[in-house]
Every structure is written in structure tokens, then in C-alpha cells.
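Residue numbers (my numbering): 97 to 767.
Here a beta-carbon is modelled for each residue, glycine too, at the ideal position from N, C-alpha and C.
So, in C-alpha cells, the structure goes:
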């Protein structure tokens, strides 16, 4: 049996596949101990651990450790003169009119930052040798006295030559065995000193947390008789065995959102759709991504709590507009949605667990798009009166009635998500009207049609069991490893050969790691080049087939870069403009077998013929349909609510929906 368990901010989702049968379950998350929620899901699904052969897990443990500042006590070591790099950061200012603005706080105190005498040039030559005598006399005793659980090493130009970092790590490990050590040449071997330092420090900060979490998880599994393979989702859209993740936890920061995109791609492919705008609206946030020809773009860098992390991640934009996002009035009297969330405890007011502030879920209950008796297929009853009471103060301050306040909150949530979609489409040189919208997460299909109308999208693809697509994505994910390297040189006829040599080196290292982890079978390579015009500050990723490097010239690479530059900026590639290579990312993928088809989970639920829904300032009678029993090709005209176990799809007036042969619900704008 293959099982995927994804821990979200509000619910923990499980998808299990056994001999062609697919089971899904949702249980409340346990934020203080996410692993408890995961095992609760196994128990609720009635799955004994000893029957599981392949378990894939995704969670927000690493991200939450950074956001909540619950990581390990760490020390930071830099080249002499660069002790303050984590505090100086970039010379930018995120809020230019905020008189009290402060840069994001790094995960280490200044008194815990140390320097060593050494210097390596940008070309990898040694300018000043590492002073090992000083390290032994001053640094090692200071680390021993500090009581640290981890140390981050980021020496100048270590991306060009890691010799000094390797020796320093060796000395620390010999003197202080058991101390977790993160070295920048292993975590982020790329140029840009601050980003590399930030990534290494955060890696050291979360590594003991993830290591402890996975150790507890593995111990509990072993006690329950589990003898299968245990993998963890990465931010790059691929999985790796838990043993590998315990050495490089920073790569699992966005495992949940990445899993959702993978699941969405696999399910959309069944209906022949490869160009998608996906959005995952869960309990805490909404994650938006763009998929081109069945592939989600990789970004070289992301941010958590304002701190840069240089690791390959799926290009996902996140906004604080989930089902549990709080609705509030700011000091200027403006309505706001998020980014604060009610989370799993106490949750929205309608959950009846002590929450009193209104949320997006409460707004849906008030306007009628969520029926209290139909939540989770009738498995969890909601308190409609509590949802109405939660909106009383907001309605009073807005000068409207409760339903008007709820409708306004929904419109604002839609606007926030639309803006995120424009970031991954319009601002990347893509027209969202050329794509299908694929919503998932428990709250996604409720807002899909309204979002599509704002963007001019005319087709929506709603997968079966949309509330657990992230868990399905865990099972759908291939084994993937992506390695980056800095390689700065002007484009000339020798450049393709240099790239090929780098790819060969990275491939050998990656293949060795796969072999060490017992991952055998065919491996598919991928390559992305970071290129820019000489004089530009930042670069553009250019995808290249590694197998074609031998037949590419410098002019071919320049033209491919110019095409990407024109697509994004509407200019570029003029004669005489010189191009340079900045870096590359090489990946290997070991594909998994295809999963069986997923169908809607049936729910035992009494359902009237219609229900009242507030839309467009009017109250309409919406048809109620059962997602599990809706036949292939059966058309549902809006207004309608198509209710499933994990989510409800809202079909507004002027839209219609029908299930296709792949099990997906296709919604189309009429006229």
C-alpha cells in the first residue's frame, strides 16, 4: 500500500492507494505536534502501519520553525570582516514610508557570529590560508562554551573553492562531535554572499528541528511495524528518502505547496491539459503557480519571513488568503483579509471550538456557499449562528448587514488571489487567458469561477477530491535532485563545452548520492542556465536539453536567452549586446509508476434540492448536486453547488459544469 500524508495548517490529508483502490481522509491538524496529526490520519483511515510499503510525507515543520523562531541555537562563522553580513543584508527597504521599518531579523544573535582569518578569491585561488592555529586557540573553545546545537559556515568565495570550508568543518566535527554543521558549499554553492549566508544559517537553524521531527516519526512508524520506504517531499517538486532530508532540511521548506502543484499537473494531464494556473486554497494561505506544457517553473530562490533562501523551489506565490484567514478592519477603517489565520486551533468561528473572529470559511457559511450540514461530507457539522455572530462587529463598522459584510470579504479574498496570479502569469510574460484554472484545497473550488472571471479565464478544471490533491501529489512525485553551481563567463564558442563539463561533474555527484540511497533505475537529466546581458544585475533562467549541448553554439544559447528576455521584458537581443552565463542548475529525475485513477469519495448525506446563496448582491436558489454521483457528461447549470467530501464547487450564474471521462469537473463560462 502506498500512502501520502500532507500536514497543513488546518487539516492533515491522507491519500492511500492499494491494488487500484484509492482512499482519502481529512483530520484536524495538531500544530504543536504535526506528527500526531499524521498518525491520527492513518488511524482514521483504518490503515495499519505494517501494511504500508511506501509512505511519502510533506509538512510545514521547517517553515514554521523559521516563522515562529523555534529553531536551534546556532553559531555563524564568516571570513574576517564579514561577521555582520546577516545583519547588513541588501540595501533595500521593503516599506519605504514606514518610519519604524527594520530589516528581517536573522536566526542568529550577533554575539554568536564569529570570524576566521582566511581569504579565497572569486576565481578560487587562495589569497590567505586558513589560520588553523587561531581556529584551535579561539574559535573551537568559543563554540564549545556557547552551548550551540548547530553551526553555519559561510566563507567568502567558498562557491569557487570549498577547501577552507571543508577543513574548518573537519576541525569543528573532530573537536565537537554531535554538533550539526551546515557549510555553504554543500547547502548553496552559488555566488551572492548574503543570500548564500542566509541560506546556510537557516539550514543550520532548522536542521536539528527536522532531524528530531523525522527521528520521532520514524521511531513511531517502527514501533507500529512499518518496514516500507519513507520519503519526504522537497520544495522542487520531487521527493527524496527521509535519510537524505535529515542532511538537507532546507530543501523541504515548501513541500506541501510543491506537492499540490505536482498532484494538479498529474490529474490535469488525464484530461489533456498542460497549460494551467493552479491555486491551492487551504486553511491558512493560497499558493499560486503557473504550469507550461505540463511543467512547473523552478525558481532559484525564495523567501521565508523576509529572509532569502537560495535553493531550487517550484515558482509559487503565496498570499495570506485561506479558509481560516481572519477578516478584520484596520486602523483606517479598511476591510482586510489575512494574513493572520485562525489556524486549526481554535479555527473559524463556525467550527465551534472557541473562535470568535470571522474568517473566509465563516463568510462562505454566511453567504450560503458552504452548507453547515455538508462540511466534510457531513462528517463535521458547522455552527452557522456562530459564523453570523462573528460578522456582527465587521458589518456594523462597514455600515452594512452581515451578509453584505461576508460578500465584501469574499470579494477582497478574490482580489488578493487574482493579484498573486498576475505575479506568476502577466508579470512573467504569460497571458492567463491562455491557460485553464485548476483550483484545489478545501476552499479553492468555492472561489474559482469568480477568480476566473476577473482574469478572463473561460475554463476551470476541478479535480476529484480537490481538498486532498496535495496528498495525492506526494504519491505522484518522482525522486528528484537538483544541484546548482555558479559559473560566470562571457558567452563564447567555448561556453557549451564548459557547461557540459559542469553537467558531467554534477551528474556524477548526483548519481553517487542516488546510489547511496538505493535509488536505482533510469534517470532523466534537466538543465537550466542563468544568463543575462553583461551589465545587468540579475539573470533570467533559460531551459536547455542537456542532451543537445554538444550541438549548440554560443549563438544558439544567445538566441535562446534573447527569446526569454523578450518574452519577459518585451525587448532584448539587439545586435552587439553581449551575454554572459552566471550559473546553472542540473537535475536528475527518477520517475515512478503512474497512479490509478482517483474518484470522488462518496458521502452519506441528506441533501435538499436547492439552497440559498448570496451572489452579485442578490439571493439565488442554487441547485445542489453530489460530486460523487455526478455522471460523466452530465451538465450542471449555474447557479449550483457541487458538494464533495473534501470540498464544494460553486458554479455561479452564467457558468456550467460537467465531469469528463478522467473524473475532472470542467467548468466553462457560457456565452
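Option nearest residue i by Cα separation, candidates the options
| i | options | result |
| --- | --- | --- |
| residue 761 | 634, 699, 534 | 534 |
| residue 221 | 235, 256, 232, 524 | 256 |
| residue 367 | 601, 560, 709, 612 | 560 |
| residue 187 | 177, 200, 515, 176 | 200 |
| residue 274 | 264, 304, 249, 262 | 304 |
| residue 438 | 425, 421, 720 | 421 |
| residue 662 | 526, 399, 343 | 526 |
| residue 674 | 165, 238, 632 | 632 |
| residue 739 | 700, 758, 652 | 700 |
| residue 714 | 748, 686, 697 | 748 |
| residue 372 | 565, 607, 530, 101 | 530 |
| residue 453 | 542, 317, 497, 484 | 484 |
| residue 417 | 455, 401, 390 | 455 |
| residue 589 | 629, 569, 653, 568 | 653 |
| residue 214 | 205, 224, 208, 207 | 224 |
| residue 343 | 317, 352, 311, 333 | 311 |
| residue 737 | 678, 660, 470 | 470 |
Environment of residue i [buried if 16+ CB atoms lie within 10 Å]
| i | result |
| --- | --- |
| residue 591 | buried |
| residue 430 | exposed |
| residue 161 | buried |
| residue 627 | buried |
| residue 195 | exposed |
| residue 341 | buried |
| residue 260 | buried |
| residue 149 | exposed |
| residue 168 | buried |
| residue 281 | buried |
| residue 616 | exposed |
| residue 129 | exposed |
| residue 193 | exposed |
| residue 336 | buried |
| residue 78 | Only positions 97 to 767 of the chain appear in the structure, and residue 78 is not among them; the question remains open. |
| residue 728 | exposed |
| residue 285 | buried |
6 Å Cβ shell around residue i - same chain, five flanking residues per side excluded
| i | result |
| --- | --- |
| residue 457 | 419, 444 |
| residue 374 | 357, 360, 385, 534 |
| residue 348 | 158, 328, 330, 341 |
| residue 236 | 271 |
| residue 320 | 145 |
| residue 393 | 411 |
Helix, strand or coil at residue i [DSSP, three-state]
| i | result |
| --- | --- |
| residue 681 | strand |
| residue 472 | helix |
| residue 330 | coil |
| residue 220 | coil |
| residue 688 | coil |
| residue 255 | coil |
| residue 575 | strand |
| residue 477 | coil |
| residue 153 | strand |
| residue 143 | coil |
| residue 119 | strand |
| residue 325 | strand |
| residue 265 | helix |
| residue 280 | helix |
| residue 365 | helix |
| residue 272 | coil |
| residue 210 | strand |
Below-8 Å beta-carbon distance, residue i vs any chain C residue
| i | result |
| --- | --- |
| residue 400 | Absent from the structure is chain C; it holds one protein chain and no more. |
Close beta carbons around residue i, own chain, < 8 Å, minus the five adjacent residues each side
| i | result |
| --- | --- |
| residue 811 | There is simply no residue 811 to check, as the chain begins at 97 and stops at 767 in what is shown. |
Integer-rounded CB distance, given that residue j should sit under 8 Å from residue i
| i | j | result |
| --- | --- | --- |
| residue 314 | residue 338 | 7 Å |
| residue 681 | residue 408 | 6 Å |
| residue 121 | residue 141 | 4 Å |
| residue 171 | residue 247 | 5 Å |
| residue 586 | residue 676 | 5 Å |
| residue 346 | residue 298 | 6 Å |
| residue 613 | residue 100 | Not a contact, Cβ separation roughly 19 Å. |
| residue 532 | residue 755 | The Cβ separation is near 15 Å, so there is no contact. |
| residue 250 | residue 174 | 6 Å |
Proximity test, residue i beta-carbon vs the ligand ZN heavy atom, cut-off 7 Å
| i | result |
| --- | --- |
| residue 399 | As presented, the structure is devoid of all ligands, the ligand ZN included, so that no description of it is given. |
Cβ shell of residue i (< 7 Å), same chain only, five flanking positions each side left out
| i | result |
| --- | --- |
| residue 185 | 199, 290 |
| residue 464 | 707, 708, 709, 710 |
| residue 218 | 253, 256 |
| residue 664 | 524, 525, 636 |
| residue 688 | 574 |
| residue 704 | 720 |
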